[in-house]
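Residue numbers (our numbering): 58 to 203.
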Amino acid sequence: MDIKSVIELKARPEIPQFGPGDTVKASVKVVEGDRERIQAFQGIVIRVKRGDVNATFTVRRISSGVGVERTFFFQSPRLEKVEVVRKGKVRRANLYYLRGLSGRAGRIKERTRELPAELRVEAPAEMKEEAPPVAAPSVEQPQTSA
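The structure is reproduced here in C-alpha coordinates:
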(Lines of atoms letter the chains of each structure in order from A and count residues from 1; the text may use other names and numbers.)
(Lines give C-alpha, C1' and ligand atoms only; values in the text may rest on other atoms or scores of the structure.)
Protein backbone atom coordinates (compact mmCIF):
# COMPACT_ATOMS: atom_id res chain seq x y z
CA MET A 1 0.00 0.00 0.00
CA ASP A 2 1.37 3.38 -1.01
CA ILE A 3 1.13 6.29 1.40
CA LYS A 4 0.26 8.68 -1.44
CA SER A 5 -3.00 6.80 -1.92
CA VAL A 6 -3.93 7.41 1.75
CA ILE A 7 -2.92 11.06 2.06
CA GLU A 8 -4.23 13.61 -0.40
CA LEU A 9 -1.53 16.13 -1.30
CA LYS A 10 -2.65 19.73 -1.58
CA ALA A 11 -0.78 22.94 -2.22
CA ARG A 12 0.07 24.94 0.91
CA PRO A 13 0.14 28.60 -0.16
CA GLU A 14 0.44 29.74 3.47
CA ILE A 15 3.95 28.24 3.65
CA PRO A 16 6.51 30.59 2.01
CA GLN A 17 9.80 29.61 0.42
CA PHE A 18 12.60 29.28 2.95
CA GLY A 19 15.80 27.34 3.39
CA PRO A 20 18.51 26.44 5.89
CA GLY A 21 19.74 29.38 7.93
CA ASP A 22 16.44 31.25 7.80
CA THR A 23 14.71 32.14 11.06
CA VAL A 24 11.09 31.04 10.94
CA LYS A 25 8.10 31.11 13.23
CA ALA A 26 6.03 27.93 12.86
CA SER A 27 2.51 28.05 14.29
CA VAL A 28 1.29 24.60 15.33
CA LYS A 29 -2.05 23.37 16.67
CA VAL A 30 -1.56 21.78 20.08
CA VAL A 31 -4.27 19.56 21.59
CA GLU A 32 -4.44 19.43 25.39
CA GLY A 33 -7.30 17.25 26.57
CA ASP A 34 -10.40 18.56 24.86
CA ARG A 35 -8.93 22.04 24.19
CA GLU A 36 -6.97 23.09 21.13
CA ARG A 37 -4.67 26.12 20.84
CA ILE A 38 -2.00 27.47 18.51
CA GLN A 39 1.59 27.52 19.74
CA ALA A 40 4.44 29.32 17.97
CA PHE A 41 7.92 27.81 17.70
CA GLN A 42 10.56 30.26 16.47
CA GLY A 43 14.09 29.28 15.58
CA ILE A 44 16.67 28.68 12.87
CA VAL A 45 15.97 26.15 10.14
CA ILE A 46 18.84 23.67 10.27
CA ARG A 47 17.51 21.21 7.70
CA VAL A 48 14.95 21.01 4.90
CA LYS A 49 14.13 17.59 3.48
CA ARG A 50 12.22 17.81 0.21
CA GLY A 51 9.82 15.21 -1.07
CA ASP A 52 6.15 14.60 -1.65
CA VAL A 53 4.50 13.41 1.52
CA ASN A 54 7.62 13.07 3.64
CA ALA A 55 8.88 16.65 3.17
CA THR A 56 10.03 18.04 6.53
CA PHE A 57 11.97 20.91 8.01
CA THR A 58 13.78 21.02 11.34
CA VAL A 59 13.87 24.15 13.48
CA ARG A 60 16.33 24.70 16.34
CA ARG A 61 16.19 27.24 19.14
CA ILE A 62 17.82 27.75 22.51
CA SER A 63 15.38 27.62 25.42
CA SER A 64 16.72 28.25 28.94
CA GLY A 65 20.24 27.48 27.77
CA VAL A 66 19.24 24.13 26.26
CA GLY A 67 19.04 23.50 22.52
CA VAL A 68 15.59 22.34 21.39
CA GLU A 69 14.94 20.96 17.91
CA ARG A 70 11.57 20.23 16.41
CA THR A 71 10.77 18.64 13.06
CA PHE A 72 7.63 19.63 11.17
CA PHE A 73 5.95 17.95 8.20
CA PHE A 74 5.05 20.33 5.39
CA GLN A 75 1.83 18.38 4.74
CA SER A 76 0.76 18.13 8.39
CA PRO A 77 -2.74 19.41 9.12
CA ARG A 78 -1.46 20.57 12.53
CA LEU A 79 0.95 23.02 10.88
CA GLU A 80 -1.11 26.21 10.78
CA LYS A 81 1.32 28.66 9.13
CA VAL A 82 4.99 29.48 8.77
CA GLU A 83 6.40 33.01 8.80
CA VAL A 84 9.93 33.88 7.69
CA VAL A 85 11.34 36.29 10.26
CA ARG A 86 14.73 36.81 8.60
CA LYS A 87 16.83 35.25 5.87
CA GLY A 88 20.19 33.77 6.82
CA LYS A 89 23.39 33.66 4.81
CA VAL A 90 24.79 30.12 4.95
CA ARG A 91 26.82 27.88 2.68
CA ARG A 92 25.59 24.48 3.89
CA ALA A 93 22.42 22.48 3.33
CA ASN A 94 22.41 20.95 6.82
CA LEU A 95 23.46 23.15 9.71
CA TYR A 96 24.17 20.41 12.23
CA TYR A 97 27.34 22.23 13.28
CA LEU A 98 25.13 24.70 15.19
CA ARG A 99 24.55 21.99 17.80
CA GLY A 100 28.12 22.35 19.00
CA LEU A 101 28.12 26.15 19.12
CA SER A 102 26.71 28.42 21.77
CA GLY A 103 26.19 32.12 22.28
CA ARG A 104 27.54 34.51 19.72
CA ALA A 105 29.38 31.77 17.79
CA GLY A 106 26.04 30.25 16.79
CA ARG A 107 24.71 33.39 15.12
CA ILE A 108 24.06 33.52 11.40
CA LYS A 109 24.52 36.65 9.31
CA GLU A 110 21.49 38.10 7.60
CA ARG A 111 21.31 37.79 3.82
CA THR A 112 20.95 41.11 2.05
CA ARG A 113 20.81 41.18 -1.70
CA GLU A 114 21.85 44.31 -3.52
CA LEU A 115 20.75 45.21 -6.99
CA PRO A 116 23.38 45.27 -9.74
CA ALA A 117 24.59 48.76 -10.70
CA GLU A 118 22.72 48.72 -14.03
CA LEU A 119 19.39 48.12 -12.26
CA ARG A 120 19.78 50.79 -9.57
CA VAL A 121 17.69 53.91 -10.00
CA GLU A 122 19.13 57.23 -8.92
CA ALA A 123 17.09 60.34 -8.16
CA PRO A 124 17.25 63.08 -10.83
CA ALA A 125 19.58 66.02 -10.18
CA GLU A 126 16.64 68.42 -9.73
CA MET A 127 15.30 66.32 -6.86
CA LYS A 128 18.59 66.14 -5.03
CA GLU A 129 18.72 68.91 -2.49
CA GLU A 130 22.10 70.25 -1.69
CA ALA A 131 22.58 71.25 1.89
CA PRO A 132 23.77 74.83 2.36
CA PRO A 133 27.43 75.00 3.26
CA VAL A 134 28.06 75.11 6.96
CA ALA A 135 30.25 77.97 8.01
CA ALA A 136 32.96 77.04 10.44
CA PRO A 137 32.64 78.92 13.70
CA SER A 138 35.05 81.78 13.82
CA VAL A 139 37.51 81.58 16.63
CA GLU A 140 39.20 84.82 17.43
CA GLN A 141 42.75 84.66 18.62
CA PRO A 142 43.56 86.99 21.49
CA GLN A 143 45.86 89.80 20.48
CA THR A 144 49.08 89.85 22.36
CA SER A 145 51.11 92.97 22.58
CA ALA A 146 54.84 92.70 22.62
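Note that the Cβ used here is the ideal one computed from N, Cα and C, for glycine as well.
Quick one: what's got a C-beta closer than 7 Å to residue 69's C-beta in the same chain, skipping five residues either side?
In the sequence shown, counting from the first residue as 1, residue 69 sits at position 12. Closer than 7 Å at Cβ, skipping near neighbours: 131.
By a C-beta neighbour count over all protein chains shown, 10 Å radius and 16 as the cutoff for buried, is residue 115 buried or exposed?
The residue you call residue 115 lines up with position 58 of the sequence shown. Buried, by the Cβ-count rule.
Does the Cβ-Cβ distance between residue 81 and residue 167 come in under 8 Å?
Here residue 81 refers to the residue found at position 24 of the sequence shown. Here residue 167 refers to the residue found at position 110 of the sequence shown. Against a cut-off of 8 Å, the Cβ pair of residue 167 and residue 81 comes out as no contact.
For chain B, find out if any of its Cβ atoms is closer than 8 Å to the Cβ of residue 65; answer yes or no.
Absent from the structure is chain B; it holds one protein chain and no more.
Measuring only the C-alpha atoms, how far is residue 105 from residue 151?
In the sequence shown, counting from the first residue as 1, residue 105 sits at position 48. In the sequence shown, counting from the first residue as 1, residue 151 sits at position 94. If I take the Cα positions, the gap works out to 8 Å.
Just to confirm the assignment, what range does the beta strand (DSSP E) spanning residue 223 have?
The chain is shown only over 58 to 203; residue 223 falls outside these bounds and no answer can be derived.
Quick one: what does DSSP say residue 136 is sitting in, helix, strand or coil?
To locate residue 136, count along the sequence shown from 1; it is residue 79. Three-state result, residue 136: strand.
Do residue 101 and residue 85 count as a contact pair if the criterion is CB distance below 8 Å?
Indexing the sequence shown from 1 puts residue 85 at position 28. Indexing the sequence shown from 1 puts residue 101 at position 44. Taking 8 Å as the Cβ cut-off, residue 85 and residue 101 do not qualify as a contacting pair.
I believe residue 142 touches residue 99 by the beta-carbon criterion, under 8 Å. Please report the beta-carbon distance rounded to the nearest angstrom.
Position 85 of the sequence shown, counted from the start, is the residue given in the question as residue 142. Position 42 of the sequence shown, counted from the start, is the residue given in the question as residue 99. The Cβ separation is near 7 Å, so the contact holds.
Just list the residues that DSSP pairs residue 65 with in beta bridges.
Residue 65 sits at position 8 when you count from the first residue of the sequence shown. Beta-bridge pairing links residue 65 to no other residue.
Beta strand (DSSP E) containing residue 131: first to last residue?
The count along the sequence shown starts at 1 and reaches residue 131 at position 74. First-last for residue 131: undefined, no H or E at that position.
Take the Cβ of residue 63 as the centre, count every other Cβ of all protein chains shown within 10 Å, and call the residue buried at 16 or more, exposed below.
Here residue 63 is taken as the residue at index 6 of the sequence shown, counted from 1. Counting Cβ neighbours within 10 Å, residue 63 comes out exposed, since fewer than 16 surround it.
For the candidate residues 67, 111 and 92, whose alpha-carbon lies nearest to that of residue 59?
Translated into the one-based positions of the sequence shown, residue 59 becomes position 2. Closest option to residue 59, Cα to Cα, is 111.
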